[in-house]
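For the sequence shown, the numbering used here gives the first residue as 222, with consecutive numbering after it.
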Amino acid sequence: MSMIGNLLAVPQEKLDELYEHPESVSKVLYEVYEDDVVDLDKSWQVIHFVLTGSAYEGTPPLCHAIFGQVPIGEEEVGYGPALGTRYQLVSEISSALSNISEDEFCNRFNPESIAKADIYPPVWSEPGVLNDYVLPNFRTLKRFYSEAAANRHAVITFIS
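Here it is, written out as structure tokens:
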């Protein structure tokens, strides 16, 4: 079974509702907003690692780009609970991402460090994986946060 990184931009009010009624999070993710979910496929953890230097941790705001900020209840929506990020932090994430050029991102991409950190899945030293797979998903992440920030939306992240 694959672990897929997902992002969803929603109005802040919707995120607030989910914190009040976390039992509805699966319905929101898999029914109500299903067509609006942005899929980073299996690149989510390597992007996080390249941005933060850590498999799961890191320094804000970039550590929240993939893993979000605060769990929305305890319901498993795939691999763990969904995580919400308030729109104020979404703007900070967008700004931090916009300051990382594609060249800088590529320069940070070190297959040996990635392998040593045991980043899922273990394919990052294969030829073309950076340019053909990771970089397009990094572009998607930057565009997603830019649009979410421009719309003053909160973000929900989850691994399915």
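All C-beta atoms, glycine included, are put in the ideal place defined by N, C-alpha and C.
Paired residues, beta bridge with residue i - DSSP
i, result
"I380", "G226"
"V291", "G305"
"V259", "L228"
Cβ neighbours of residue i in the same chain (closer than 6 Å, five flanking residues each side left out)
i, result
"A286", "I314"
"A369", "A230, V311 and V376"
"G279", "T273"
"F330", "V271 and L351"
"Y254", "L229"
Neighbourhood of residue i by C-beta distance below 8 Å, restricted to the same chain and skipping five residues each side
i, result
"L261", "I225, G226, N227, L228, I268, I287, N358, T361 and L362"
"E244", "G294 and E296"
"Q290", "L304, G305, T306, R307 and L310"
"S264", "G226, Y354, V355, N358 and F359"
"V350", "V344"
"E325", "none"
Under 9 Å between C-beta atoms of residue i and residue j
i, j, result
"L310", "P342", "no"
"V249", "K235", "yes"
"V298", "Y354", "no"
"G301", "I377", "no"
"L272", "I321", "yes"
"Q266", "H374", "no"
"S319", "S367", "yes"
Residues near residue i by beta carbon distance below 7 Å, same chain, minus five either side
i, result
"F270", "A276, I335, A338 and I340"
"V246", "L239, I293, G294, E296, V298 and A303"
"S223", "K263"
"H242", "none"
Whole-angstrom C-beta distance between residue j and residue i, which should lie under 8 Å
i, j, result
"S346", "P332", "4 Å"
| Contiguous alpha helix (DSSP H) assignments of at least 4 residues, all confined to the stretch 321 to 378 | Taken in chain order, the unbroken stretches of alpha helix (DSSP H) that lie wholly in the stretch 321 to 378 and span 4 residues or more are 323 to 329, 332 to 337 and 356 to 371.
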